[in-house]
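Worksheet for the structure shown next.
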Amino acid sequence: MRSCSSGLARTTPRLRECLRSRHSEKMGVGPVHAVVPLRFASVPNPIRATVEGIGRLLVYLRLITASRAQRIAGLAWPRILTGLARMSKATADVAMVGVAVGPAAIAGVGYGVPYWTMTYMLGGGIAGGTISLVSQRYGGGRYDDIDRAVKVSVMAALLVTLPLVVVFWTLPEPLIRLIGTGEAAIQYGTRYLRVASLAMPFAALNLIGSRTLIGADDAWTPMIVRAGGAVINVGLNAVFIFVFDLGVVGAALGTVLGSVGGVLVLGWGLTVGRLPFVGPLPVQVDWSAPYWDAADARHLARISTPLALRKVAQNGGQFPLLAIVGLYGPNMVAAFVVALRVRALMNTPGWGFGLASSSLVGQSLGAGNEQDADGYARDTLRFTVATYALVGAAVFVVADPVSALFVDDGAVRATTTALIRAACVSVLLWGVMNGALGPLRASGDTTWPFYGQLLGLFVFALPLAYLGAVTSLGIWGLYGTLFAETAVPAAVIYYRFRTQKWKRISRQNREAAMGQAS
Numbered sequence: 141m142r143s144c145s146s147g148l149a150r151t152t153p154r155l156r157e158c159l160r161s162r163h164s165e166k167m168g169v170g171p172v173h174a175v176v177p178l179r180f181a182s183v184p185n186p187i188r189a190t191v192e193g194i195g196r197l198l199v200y201l202r203l204i205t206a207s208r209a210q211r212i213a214g215l216a217w218p219r220i221l222t223g224l225a226r227m228s229k230a231t232a233d234v235a236m237v238g239v240a241v242g243p244a245a246i247a248g249v250g251y252g253v254p255y256w257t258m259t260y261m262l263g264g265g266i267a268g269g270t271i272s273l274v275s276q277r278y279g280g281g282r283y284d285d286i287d288r289a290v291k292v293s294v295m296a297a298l299l300v301t302l303p304l305v306v307v308f309w310t311l312p313e314p315l316i317r318l319i320g321t322g323e324a325a326i327q328y329g330t331r332y333l334r335v336a337s338l339a340m341p342f343a344a345l346n347l348i349g350s351r352t353l354i355g356a357d358d359a360w361t362p363m364i365v366r367a368g369g370a371v372i373n374v375g376l377n378a379v380f381i382f383v384f385d386l387g388v389v390g391a392a393l394g395t396v397l398g399s400v401g402g403v404l405v406l407g408w409g410l411t412v413g414r415l416p417f418v419g420p421l422p423v424q425v426d427w428s429a430p431y432w433d434a435a436d437a438r439h440l441a442r443i444s445t446p447l448a449l450r451k452v453a454q455n456g457g458q459f460p461l462l463a464i465v466g467l468y469g470p471n472m473v474a475a476f477v478v479a480l481r482v483r484a485l486m487n488t489p490g491w492g493f494g495l496a497s498s499s500l501v502g503q504s505l506g507a508g509n510e511q512d513a514d515g516y517a518r519d520t521l522r523f524t525v526a527t528y529a530l531v532g533a534a535v536f537v538v539a540d541p542v543s544a545l546f547v548d549d550g551a552v553r554a555t556t557t558a559l560i561r562a563a564c565v566s567v568l569l570w571g572v573m574n575g576a577l578g579p580l581r582a583s584g585d586t587t588w589p590f591y592g593q594l595l596g597l598f599v600f601a602l603p604l605a606y607l608g609a610v611t612s613l614g615i616w617g618l619y620g621t622l623f624a625e626t627a628v629p630a631a632v633i634y635y636r637f638r639t640q641k642w643k644r645i646s647r648q649n650r651e652a653a654m655g656q657a658s
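So in the working numbering, spot 186 of the sequence shown is number 326, and the numbers just go up one at a time.
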């Protein structure tokens, strides 16, 4: 097996033959096992140990199979670690800004983040289509067709994000005023959004590169690059905020530099096919023309558009939601923003398991093995929900000390603790959502998740928040908002997953996803 890692799929015919041989050996037609897991064994860490420990428990309980648990854990834990690092960076931004400037700055960042995140979500939707194309071609042995999908994804990401950078740079204050309350918070949000907007295209390109490698069974390299970048980003933010006294601008500037650095490293690695201290990558991209393929673009659009719209709806709902929460007062906004940050941190296991499911299911579908795809889909869902249950329970217990990291005022801290505990309950349903979404994303069945997100947000979550603001329901309206925002889309996505229609849709999409034979 090790000899297969000494070259690159696009540059070495011997490697292509080696991969195809392994492709046919696994259960007759199963997807390729990447060499990457060999590197995992030499890097002990608590995230890996926890994920593998949960997997072993589920295997012992006969809820999942041992062989699938190993592959799921191998792909999931690096992405979970990456997500923890990146969300810890975002959470640290809020904590450092709060300590250095105060609650108004936290609220200002909270007003600016949804705009920044909206563009990030658009890039994430495009990257969701990328992983579908790459994983199916990798699983089907079409290695020479992968770079075409990557180039189309890159062009699509730039076409979507660059116009938004212009809007957010030139019109940040009017946009912040649409949802913001309190003059100080609005000014902080304006300064944060203008600078942070410069990171948007680079953040989207980071997602394209990461999903490309994960679709080719390599979760290790994105972890090294993006988690390492997040750690450096925290250090830069601390310098900008506390040493140079740049406040919210310092937090935004650190985000820009971190995003640019990630693109440079991943882009260089994909260009030459290897990275120092990491070794050969499973994919090498030839960046020469053509940069656009109409067939790939159409298929990418079919998969990515509902995913992007779902993410935009999920994030776009934060605009009216924060405007409604503003009716409760600035202290409630600060508490709610902290609760959302903590919930986002708790959601990082879904990043790993969701992408692991998309990659493994996509590879199995590309190899024509629907039974294997179904097995990975079911086992990853169970693995995901079990992990979320443990994470939510742990944070529920320590919610008060967590609140103290962000706010000093006793009343605001008590409110923050209560909202964090409500978020702990709601995040379990996010686990169901992420676990069931992976197979739908891999197969191209991405419209129902969009419908579920719209239903949960606009029919349930926002009305509950408003009722709490204008009636005696009070903070219970926000508790209900946090729960409905995840429970309703989770129910819709899980129902769609259980219908098994994603397999039929995969058959319809498979020829387009695989590309033309080289």
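Beta carbons: idealized from backbone N, C-alpha and C, even for Gly. Computed from a predicted model, the values in this text were never measured in an experiment.
Residue Leu622 holds the alpha-carbon nearest to the alpha-carbon of Leu559 among Gly596, Ser504 and Leu622.
Arg561 sits in a helix when the DSSP states are folded into three classes. For Leu386, no alpha helix (DSSP H) segment is defined, and its DSSP state is neither H nor E. The three-state secondary structure of Leu311, taken from DSSP, is coil. In the three-state DSSP reduction, Pro422 falls in the coil class, being neither helix nor strand.
For Leu500, the enclosing alpha helix (DSSP H) has its first and last residue at Thr488 to Gly506.
When rounded, the separation of the alpha-carbon atoms in Leu462 and Tyr468 is 10 angstroms. Here Leu415 is bridged, per DSSP, to Gly419.
In the structure shown, Pro430 falls within a coil segment according to DSSP collapsed to helix, strand and coil.
Here Met227 has Ala484, Leu485 and Thr488 as same chain residues with Cβ atoms under 6 angstroms from its own Cβ, once five neighbours each way along the sequence are excluded. For Ser350, the enclosing alpha helix (DSSP H) covers residues Met340 to Gly355.
In its chain, beyond the 5 residues on either side, Gly263, Ala297 and Thr301 have a beta carbon closer than 6 angstroms to the beta carbon of Ala344. Take the alpha-carbon of Val335 and the one of Asp233: they are about 14 angstroms apart. Here DSSP, grouped into helix, strand and coil, assigns Thr639 to helix.
Spanning the alpha carbons of Leu447 and Ala437 requires a straight line of approximately 15 angstroms.
Comparing alpha carbon positions, the residue from Thr361, Leu613 and Pro341 closest to Thr395 is Pro341. Going by C-alpha positions, Lys643 is about 28 angstroms away from Ala529. Around the C-beta of Ala356, 16 or more other C-beta atoms lie within 10 Å, and the residue is accordingly described as buried.
Residue burial is scored here from C-beta neighbours: Gln640 has fewer than 16 other C-beta atoms within 10 angstroms and is therefore classed as exposed.
The criterion of a C-beta distance shorter than 9 angstroms is not satisfied by Ile464 and Gly269. Between Tyr634 and Ala562 the beta-carbon gap is near 21 angstroms, outside 8 angstroms, which marks them as no contact. When the beta-carbon positions are compared, Leu568 and Val525 come within less than 9 angstroms of each other.
Secondary structure of Ala513 (DSSP, three-state): helix. The three-state reading of DSSP puts Asn185 in coil, since its state is none of H, G, I, E or B. Three or more pairs of CB atoms, one per stretch, sit closer than 8 angstroms, so the region 471-482 contacts the region 550-559.
Closest option to Trp491, judged by alpha-carbon separation, among Phe590, Ser583, Met363 and Ser428: Met363. Excluding residues up to 5 positions away in sequence, Thr330 lie with their Cβ nearer than 6 angstroms to the Cβ of Glu313 in the same chain. In this structure, Pro422 sits near Asp358, with a CB-CB distance shorter than 9 angstroms. Excluding residues up to 5 positions away in sequence, Arg561 and Cys564 lie with their Cβ nearer than 6 angstroms to the Cβ of Phe536 in the same chain. DSSP places Asp284 within a helical segment (H, G or I) once states are collapsed to three. If you check the CB distance, Ala507 and Pro579 do not come in under 9 angstroms. Distance from the CA atom of Phe380 to the CA atom of Ala324, rounded to whole angstroms, is 20 angstroms.
It is roughly 18 angstroms from the alpha-carbon of Trp427 to the alpha-carbon of Ala435. Restricting attention to Gly532, Leu273 and Leu505, the CA atom closest to the CA of Ala441 is found in Leu273. In the DSSP assignment, Leu613 falls outside any alpha helix (DSSP H) and carries neither an H nor an E.
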